[in-house]
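Taking it in order: structure first as structure tokens, then the write-up.
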Amino acid sequence: MVKEFHVHQILEERARAPQSEALAGRASFHADSRTPSDVKELFLALGFEKIPAPIIDRLSLLSKIEGKNRRRNSHFQDAVEISEIVDNLIEEELTEKELNDLRLASLLHDVGKSGPAEATDDEQRAFVDLFNLDFNEEQYPVGARKLAARELPLSVALMIKAREGAMSLARAKEVLELIESAVKRQERPRPETNINADSAMLKVWSAHVYWTDAVLRRAKIDARIVEISASHHLLDGQDPENVGLENADQSIASLELADKYQAFRVRLILADQYQAFRKRSAKSHAETIAILRKKIEDKLSAHPKTEAIYLKILESIDKQKTLFEQELDLAA
Ligand SMILES: [Fe+2]
Ligand SMILES: [Fe+2]
Numbered sequence: 004m005v006k007e008f009h010v011h012q013i014l015e016e017r018a019r020a021p022q023s024e025a026l027a028g029r030a031s032f033h034a035d036s037r038t039p040s041d042v043k044e045l046f047l048a049l050g051f052e053k054i055p056a057p058i059i060d061r062l063s064l065l066s067k068i069e070g071k072n073r074r075r076n077s078h079f080q081d082a083v084e085i086s087e088i089v090d091n092l093i094e095e096e097l098t099e100k101e102l103n104d105l106r107l108a109s110l111l112h113d114v115g116k117s118g119p120a121e122a123t124d125d126e127q128r129a130f131v132d133l134f135n136l137d138f139n140e141e142q143y144p145v146g147a148r149k150l151a152a153r154e155l156p157l158s159v160a161l162m163i164k165a166r167e168g169a170m171s172l173a174r175a176k177e178v179l180e181l182i183e184s185a186v187k188r189q190e191r192p193r194p195e196t197n198i199n200a201d202s203a204m205l206k207v208w209s210a211h212v213y214w215t216d217a218v219l220r221r222a223k224i225d226a227r228i229v230e231i232s233a234s235h236h237l238l239d240g241q242d243p244e245n246v247g248l249e250n251a252d253q254s255i256a257s258l259e260l261a262d263k264y265q266a267f268r269v270r271l272i273l274a275d276q277y278q279a280f281r282k283r284s285a286k287s288h289a290e291t292i293a294i295l296r297k298k299i300e301d302k303l304s305a306h307p308k309t310e311a312i313y314l315k316i317l318e319s320i321d322k323q324k325t326l327f328e329q330e331l332d333l334a335a
């Protein structure tokens, strides 16, 4: 059983220990606004001693969320919850290293929401502010047209949010400038990260996995962990290193046995999507399962073995509705 290794239990135990009283209340499982030393403590509690400081600092920035968006999780808190879901999706025997790798990939997966590897602290803050903006599913009038949030050009999206009071107009302009300057300084720009004022928000949001890839590689995180982390939007078609199961040799009798790490990836992908639909889009459990099943079938019908792995893990999520609602802090 892996139960006793659950992330929140480790943290609660750690918070109860006399030597770390300062941790109690601050590093509890459902917590936002972690300082770099809080983030470091969290990793230490989980057995990760050597997470490079630039990663710790980025995750601390991503743990902050203010103003209108305060009612939802920070991006780092999302990742902590996702690591918990992932823990519960493990059915086979794993070594401690495998379990920790999967947890680490989960905790790091959205670090790219702090921008490119080359971004300065100020630029990273601008990306975090941008990724903290919440758009609902309504259509936004732009000139004579109505656009969905994902179709809005970046500059227009920022102006709309400034008008709604999510940030000042001056900050919106500054965020745009900082984002453009960071994007231009990328050493290895790729088409997916070539963001400017006119880029559609879908492209902006999608770029984060390419930045997760670049940030983690620059910090010399183990390549397999980077691949799991950075391919978490594979079902949406984003796969920085082309590591998707779809690309694997379909003649292998059991992909899950052939490469445990590929099965790890599927867990992170589905845990991330489950969490996003439940908490960011406020979908019910049943709706979320139906949406994910359709996504899997649409994307993977030509790859029956891969599709079967996804569907098996989705079934495991479906069975654990009550547990996940507790872990996601959702009122049942
Ligand atoms: Fe993501
Ligand atoms: Fe995520």
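In terms of the numbering used here, the sequence shown opens at residue 4 and continues consecutively.
The C-beta atom is built at its ideal place from N, Cα and C for all residues, glycine as well.
This one's a predicted model, so the numbers in the text were calculated from it and none came from an experiment.
- Residue pairing by DSSP puts R148 in a beta bridge opposite V145.
- Shown in chain order are the residues whose CB sits closer than 6 Å to a heavy atom of ligand 2: D81, H112, D113, D275.
- Going by C-alpha positions, H112 is about 21 Å away from F138.
- Under the three-state reduction of DSSP output, A200 falls in the coil class, being neither helix nor strand.
- Looking from the CA of H288, the closest CA among P39, L331, D301 belongs to L331.
- Per the coordinates, the alpha-carbon of L47 lies some 36 Å from the alpha-carbon of E310.
- A distance criterion of 7 Å places the beta-carbon of V212 in contact range of ligand 1, judged by its closest non-hydrogen atom.
- Between S66 and R106, the C-beta gap is not smaller than 8 Å, which leaves the two residues out of contact.
- Here P156 carries a strand assignment [DSSP, helix/strand/coil].
- Between the segment 211 to 220 and the segment 112 to 122 there are three or more C-beta pairs closer than 8 Å, enough to call the two in contact.
- If you look at T325, you'll find it in the alpha helix (DSSP H) that goes 324 to 330.
- Contact annotation: the segment 190 to 209 touches the segment 149 to 169, with at least three C-beta pairs closer than 8 Å.
- Between R227 and Y264, the CB-CB gap stays under 8 Å.
- The Cβ atoms of L273 and I231 lie no closer than 8 Å to each other.
- Looking at N135, A169, N245, M170, the one whose alpha-carbon comes closest to that of V207 is N135.
- Distance from the Cα of K324 is smallest, within the candidate group I294, Y277, Y313, R61, for Y277.
- Proximity of the beta carbon of H235 to ligand 1 is indicated: a heavy atom of the ligand is located closer than 7 Å.
- Per DSSP, the unbroken alpha helix (DSSP H) holding A217 starts and ends at 211 to 221.
- Counting C-beta atoms within 10 angstroms of its own C-beta, R268 has 16 or more neighbours from the protein chains shown and is therefore classed as buried.
- In this structure, the alpha-carbon of A279 lies about 19 Å from that of F130.
- Fully contained in the segment 252 to 313 is no beta strand (DSSP E) run of length 3 or more.
- Shown here for Q142: same chain residues with a beta carbon closer than 8 Å to its own, the five before and five after excluded, namely K149, L150, A151 in chain order.
- In the three-state reduction of the DSSP assignment, E44 falls in the helix class, which pools H, G and I.
- Counting the other CB atoms within 10 Å of its CB gives S234 a total of 16 or more, which places it among the buried residues.
- Around the beta carbon of D104, 16 or more other beta carbons lie within 10 angstroms, which makes this residue buried.
- In the three-state reduction of the DSSP assignment, Q127 falls in the helix class.
- Annotation: the continuous alpha helix (DSSP H) that includes P57 extends over 56 to 65.
- In the same chain as V186, and ignoring 5 residues on each side of it, the C-beta atoms closer than 6 Å to its own belong to I198, in chain order.
- Shown here for A160: same chain residues with a beta carbon closer than 6 Å to its own, the five before and five after excluded, namely M204 in chain order.
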